[in-house]
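Everything on this sheet refers to the single structure shown next.
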Amino acid sequence: MKNLHNGEFFGQTNEMLRFDGLTITDTEYTHPYVDWHYHENAYFTFLLQGNMTEGNKKEIYDCPAGTLLYHHWEDAHYNIKPDLFTRGFHLEVTEKWFEKFQLSKDCIEGSFNLKNPALKLLMYRIFRETKLNDPCFELSVHELLLNIFCELSDKVQSYDKKPGWVRRIDEILHENFTEKLNLTDLSTTLDVHPVHLSRDFQKHFHCSMGEYVRKLKVNKSLTLLNTYPSLTELALDCGFADQSHFIRSFKEHMGITPLQYKKLLMK
């Protein structure tokens, strides 16, 4: 089985950054099939464009644009890519980085398909930082990555302790966030009192239900931004009331406008 070293990925790497134990690559996937392999370091794969399938020893993931995967070091997997342009953003984390910030590299083991919209928005912001050429970008990347590991560690440790309705509401919101949602209907579906649902949602998701839904909408817009000529049409398809609401929410979460982000994607 092939072992890929630091900074090695299958495909054409168009940009690579190395600093303080991190290696960041922006890569176009060119291989229709990549056989079983593993990487010497832990890393994140964030699919910016296109689609692929990834399999490991436990699961097979369908990975459209916007998919965020975490791989523990030396975790074996394979990849299949359809015949379309597919682009991945990788953030590789060496043992040196974990030691620098006093984290165990084994604090999170295995491979995960991370669906939490807050984690994805943090990774989008890391991508943004790498394209802005700001003097503070390294500081920002470290800060954002530490936030990701903090969220991820909490998720892994508490996953089995959460009541069943937490997983169910997450599924419902992911499937229906572009529709108009009603708290009474949700509480009836989950068999959870509306007051209890409102109070404990914040406890488990670290934000209100409305904020969580807005994060899901912004995440969807980020995956489609390069394919829609009209922001108005994109806003409506992502569940926003209008273009103004979309731009306001996008800027709140990303720090820049949709058009500014679209230009960064082309770099």
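Using this note's numbering, the first residue of the sequence shown is number 66, and each one after it goes up by one.
By construction, the Cβ of each residue, glycine as well, lies at the ideal position given by its N, Cα and C atoms.
Item to complete: Assign residue 153 to one of three DSSP states: helix, strand, or coil.
Response: strand
Worksheet item: Measuring CB to CB, does residue 129 end up less than 8 Å from residue 281?
Response: no
Discussion item. Using only CA atoms, which one of 94, 123 and 331 lies nearest to residue 178?
Written reply: 123
Item to complete: Would you kindly work out how many angstroms separate the C-alpha atoms of residue 101 and residue 159, rounded to a whole number?
Response: 21 Å
Practice prompt. Use the C-beta contact count for residue 56: other C-beta atoms within 10 angstroms, 16 or more gives buried, fewer gives exposed.
Written response: Residue coverage of the chain in this structure runs from 66 to 332, which leaves residue 56 outside it and unanswerable.
Practice prompt. Return the CA-CA distance between residue 111 and residue 256, expressed in angstroms with no decimal places.
Written response: 35 Å
Practice prompt. Out of 175, 89, 79 and 187, point me to the one whose CA is closest to residue 317's CA.
Written response: Nearest to residue 317 by C-alpha distance, out of 175, 89, 79 and 187, is 187.
Fill in: Environment of residue 300 [buried if 16+ CB atoms lie within 10 Å]
buried
Practice prompt. Tell me, please, which residues DSSP counts as bridged to residue 306.
Written response: Bridge partners of residue 306: none, in fact.
Worksheet item: What are the partner residues of residue 189, as DSSP defines its beta bridges?
Response: DSSP output for residue 189 lists no bridge partner at all.
Practice prompt. Spell out a yes or no on whether the segment 229 to 237 and the segment 166 to 174 are touching, meaning 3 or more CB-CB pairs, one atom from each, closer than 8 Å.
Written response: no
Fill in: Unbroken stretches of the beta strand (DSSP E), 3 residues or longer, contained in the segment 91 to 125
98 to 104, 107 to 114 and 116 to 121
Item to complete: Tell whether a beta-carbon distance below 8 Å holds between residue 71 and residue 174.
Response: no
Worksheet item: At which residues does the alpha helix (DSSP H) containing residue 53 begin and terminate?
Response: The chain is shown from 66 up to 332; residue 53 falls before or after that span and cannot be answered.
Worksheet entry | Cα-Cα separation, residue 305 to residue 126 | The straight-line gap from Cα to Cα measures roughly 28 Å.
Worksheet item: Pick from 113, 109 and 141: whose alpha carbon is nearest that of residue 120?
Response: Comparing Cα positions, the closest option is 141.
Worksheet entry | Close Cβ partners of residue 259 (< 6 Å) along its chain, the five nearest in sequence each way excluded | Once the five neighbours on either side are set aside, the close Cβ partners of residue 259 are 248 and 252.
Worksheet item: If you draw a straight line from the alpha carbon of residue 114 to that of residue 69, how long is it in whole angstroms?
Response: Rounded to the nearest angstrom, the two C-alpha atoms are 23 Å apart.
Worksheet item: Whole-angstrom Cβ separation of residue 65 and residue 109, contact assumed at under 8 Å?
Response: In the structure as shown, the chain begins at 66 and stops at 332. Residue 65 is therefore absent and cannot be evaluated.
Worksheet item: In angstroms, rounded to a whole number, what distance separates the CA positions of residue 76 and residue 99?
Response: 10 Å
Fill in: C-beta atoms of residue 287 and residue 193 nearer than 8 Å
no
Discussion item. Taking the alpha-carbon of residue 243 as reference, which of 211, 97 and 311 has the nearest alpha-carbon?
Written reply: 311
Practice prompt. Could you check how far apart the C-beta atoms of residue 117 and residue 89 are, in whole angstroms? I think they sit under 8 Å.
Written response: That belief does not hold up - the Cβ atoms of residue 117 and residue 89 are roughly 19 Å apart, past 8 Å.
Discussion item. Quick check on this structure: which residue in 78, 94, 104 and 204 has the alpha carbon closest to the alpha carbon of residue 85?
Written reply: 204
Discussion item. Spatial neighbours of residue 80 within its chain, please: C-beta separation below 6 Å, excluding the five flanking residues on both sides.
Written reply: 91
Discussion item. Let me make sure I understand the geometry here. Which of 83, 67, 74 and 326 has the alpha-carbon closest to that of residue 206?
Written reply: 83
Fill in: Simplified DSSP state of residue 317, which is helix, strand or coil
helix
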